[in-house]
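Asks: All the letters of the sequence shown, read from the start, carry residue numbers 1 to 364 under full-length UniProt numbering. Ideal Cβ positions, reconstructed from N, Cα and C, are used throughout, including at glycine.
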Amino acid sequence: MTSAAEIELASVTKYYGTTAAVDRISLKIAAGSYSCLLGPSGCGKSTTLRMIAGHEAISDGDVVFANKVVNDLPPAKRGTAMMFQSYALFPHLDLVDNVAFSLKMKGVEKEKRRAEAREMLERMQLEAYADRRPAQLSGGQQQRVALARALITKPQALLLDEPLSALDPFLKIQMRAELKSLQASLGMTFVHVTHSQEEAMALADLIVVMNDGRIEQAASPREIFEKPATPFVARFMGNHNVITGRLINHDGDRITIETAGGSHFIGLGAHGASQETASIAIRTDHVRLADEETPGFGFSGFVTNVEDLGAMVKLSVQGAGIETFTIVLRDADYFAKPVKTGDAVHLSWAETETVVLGEVKASK
Ligand code: ADP
Ligand code: MG
1 MTSAAEIELA SVTKYYGTTA AVDRISLKIA AGSYSCLLGP SGCGKSTTLR
51 MIAGHEAISD GDVVFANKVV NDLPPAKRGT AMMFQSYALF PHLDLVDNVA
101 FSLKMKGVEK EKRRAEAREM LERMQLEAYA DRRPAQLSGG QQQRVALARA
151 LITKPQALLL DEPLSALDPF LKIQMRAELK SLQASLGMTF VHVTHSQEEA
201 MALADLIVVM NDGRIEQAAS PREIFEKPAT PFVARFMGNH NVITGRLINH
251 DGDRITIETA GGSHFIGLGA HGASQETASI AIRTDHVRLA DEETPGFGFS
301 GFVTNVEDLG AMVKLSVQGA GIETFTIVLR DADYFAKPVK TGDAVHLSWA
351 ETETVVLGEV KASK
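#1: Determine the direct distance from the alpha carbon of Asp331 to that of Arg132, and round the result to whole angstroms.
#2: Residues in its own chain within less than 7 Å of Gln348 by CB, not counting five upstream and five downstream?
#3: Just how far apart, CA to CA, sit Lys154 and Leu171?
#4: Just to confirm the assignment, what range does the beta strand (DSSP E) spanning Gln318 have?
#5: If the criterion is Cβ atoms closer than 8 Å, does the pair Gly140 and Gln174 meet it?
#6: In three-state terms, what does DSSP make of Thr47?
#7: Run through DSSP, which three-state label would Lys364 get?
#8: What's the gap between the Cα of Glu307 and the Cα of Lys340?
#9: Leaving aside the five residues before and after Ala53 along the sequence, list all residues of the same chain whose C-beta is less than 6 Å from its C-beta, in chain order.
#10: In angstroms, rounded to a whole number, what distance separates the CA positions of residue 452 and His286?
#11: Below 7 Å, is the gap between the Cβ of Leu200 and the nearest heavy atom of the ligand ADP?
#12: Give me, in chain order, the residues of the same chain whose beta-carbon lies closer than 7 Å to that of Lys45; leave out the 5 immediate sequence neighbours on both sides.
#13: So, under 8 Å CB-CB, Pro231 and Met237 are touching, yes? Tell me the CB distance rounded to an integer number of Å.
#14: One question on the structure: do Glu323 and Val242 come within less than 8 Å of each other, judged by their Cβ atoms?
#15: Please determine whether the Cβ atom of Gly42 lies at a distance below 7 Å from any heavy atom of the ligand ADP.
#16: So the candidates are Glu6, Ala31 and Ile58; which of them puts its Cα closest to the Cα of Arg24?
#17: Just mark Phe335 as buried or exposed, buried being the case when its beta carbon has 16 or more other beta carbons within 10 Å.
#18: Using alpha carbons as the reference points, say which of Asp94, Phe84, Ser279 and Ala202 lies closest to Ala150.
#19: Is the closest heavy atom of the ligand MG to the C-beta of Val193 under 7 Å?
#20: Among Ile7, Val145, His92 and Ile152, which one has its Cα closest to the Cα of Leu126?
#21: What distance in whole Å lies between the Cβ atoms of Val356 and Val267, which are believed to be in contact at a cut-off of 8 Å?
#22: Between Asp161 and the ligand MG, is the CB less than 7 Å from at least one heavy atom?
#23: Cβ of residue 366 versus every heavy atom of the ligand MG: is any distance shorter than 7 Å?
#24: Can you tell me whether Gln136 is buried or exposed, with buried defined as 16 or more other CB within 10 angstroms of its CB?
#25: What runs of the beta strand (DSSP E), each 3 residues or longer, lie entirely inside the region 174 to 258?
#26: So, helix, strand or coil for Asn98, using DSSP?
#27: Please classify residue 366: does DSSP put it in a helix, a strand, or coil?
#28: At which residues does the beta strand (DSSP E) containing Leu37 begin and terminate?
#29: What residue range is occupied by the uninterrupted alpha helix (DSSP H) comprising Asp291?
#30: Measure the C-alpha to C-alpha separation of Ile248 and Glu292 and round it to an integer number of angstroms.
#31: Which same chain residues end up closer than 7 Å to Asn98 when comparing Cβ atoms and leaving out the 5 residues on each side of it in sequence?
#32: Can you grab the Cα-Cα spacing for the pair Val317 / Arg246, in whole Å?
#33: Whose CA, out of Val64, Thr18 and Ala21, lies closest to the CA of Leu27?
#34: Considering only heavy atoms of the ligand ADP, does any lie closer than 7 Å to the CB of Ala53?
Structure representation (structure tokens):
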């Protein structure tokens, strides 16, 4: 395999008509790393990936690949390979010819390209199926063929657009482990598009959370999980509650906000200039059911839903004029003192559990 390449996006923008599908995003992806572009449908993930691959022209900015601006290079000249969600395998060709296809396009003669394809199939543990056609394979095997076909060009970076979304949940988890170990053994730069928080957490060295054509946060999974930068990231990752209110006091790194319902909440770790409104995040698994209200670090409300998830029990609580709060309790803690829908409860959290959120600077 050839060496891995660093990928840099410098203020990359894509307009469709007058709408910016990708809006001045800047990002560095380290050589040999596994990065996930994560965000809801329509936020610009595939467009970003296609601009890296060269399948989509960029409207503005630079795509830099291994220290070279590649804006005007066609896909085949960039050293990238792309794997698509639908795999796009040729139904009438056997696996060897499917995998050898791009070598054929490059004019590699038949014996040589078929030998290389067989080698790649072996690497993917598919040698026993070499003479079959794609329809005679399971979903997981088809996916390995698609990977083999992308890797045979010896790319410096592999770009994967929702590669696991066609698989059933069990296979999805198995294949994602295979992708991760493949990436580690090849040492190749992988950029993987997904809308699944769990998938990104499981795979990535770097998670890039996108929203509406912009990057909300690019950081390690740990940092995204523990220190979401913005209300969007906190809500999208799903493991934090967000309280937004009018900023009524800012003292050092400590802020107090007042919600529309008139309740006060305190957040620690504030930085930068104060705005008129501010948001605080609290992890769903760091909220406790308490005997009494803790002013500034808790509130009283009513249970609106209880979900038993096995090891965890998830409660929804409404109160204090804020959005519905989610609390995740260990099963033992819940069943020691169970509550049901309609019950009044006090919620509380430690002051060190609050994260003060920032806003993405509008670049328009
Ligand atoms: P994602 O992969 O995150 O779901 P996309 O990158 O596919 O999002 O799309 C981002 C935005 O650009 C969406 O609003 C989508 O409708 C729009 N878009 C994507 N491709 C085209 C296209 N070829 N022509 C016009 N609009 C497009
Ligand atoms: Mg997409």
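Replies: According to the structure shown:
#1: 48 Å
#2: According to the sequence shown, residue 348 is Ser rather than Gln. Excluding positions up to five away in sequence, the list reads Arg288, Ala290, Thr294, Phe297 and Gly298.
#3: 26 Å
#4: Met312 to Gln318
#5: yes
#6: helix
#7: Here the model assigns Lys364 a pLDDT of 37, short of 50, so the residue's position is not dependable, and the following value carries that caveat. Coil at Lys364, not helix or strand.
#8: 10 Å
#9: Pro75, Thr80, Met82 and Leu159
#10: No answer is possible for residue 452: it lies beyond the span of the chain, which begins at 1 and ends at 364.
#11: With the sequence shown as reference, residue 200 is identified as Ala, and Leu is not the correct amino acid for it. Result no, Cβ not under 7 Å from the ligand ADP.
#12: Leu37, Gly39, Val193 and Met210
#13: The pair is not a contact, with the Cβ atoms about 11 Å apart (cut-off 8 Å).
#14: yes
#15: yes
#16: Ile58
#17: exposed
#18: Phe84
#19: yes
#20: Val145
#21: Before going on, a small fix: residue 267 reads as Gly here, not Val. At roughly 4 Å, the Cβ-Cβ gap stays under 8 Å, so Gly267 and Val356 are in contact.
#22: yes
#23: This structure does not reach residue 366, given that the chain is present from 1 up to 364, and the question cannot be answered.
#24: exposed
#25: 189 to 194, 206 to 211, 214 to 219, 240 to 251 and 254 to 258
#26: helix
#27: In the structure as shown, the chain begins at 1 and stops at 364. Residue 366 is therefore absent and cannot be evaluated.
#28: Tyr34 to Leu38
#29: From DSSP, Asp291 is part of no alpha helix (DSSP H); its letter is neither H nor E.
#30: 25 Å
#31: Leu89, Phe90, Pro134, Val145 and Arg149
#32: 22 Å
#33: Val64
#34: no
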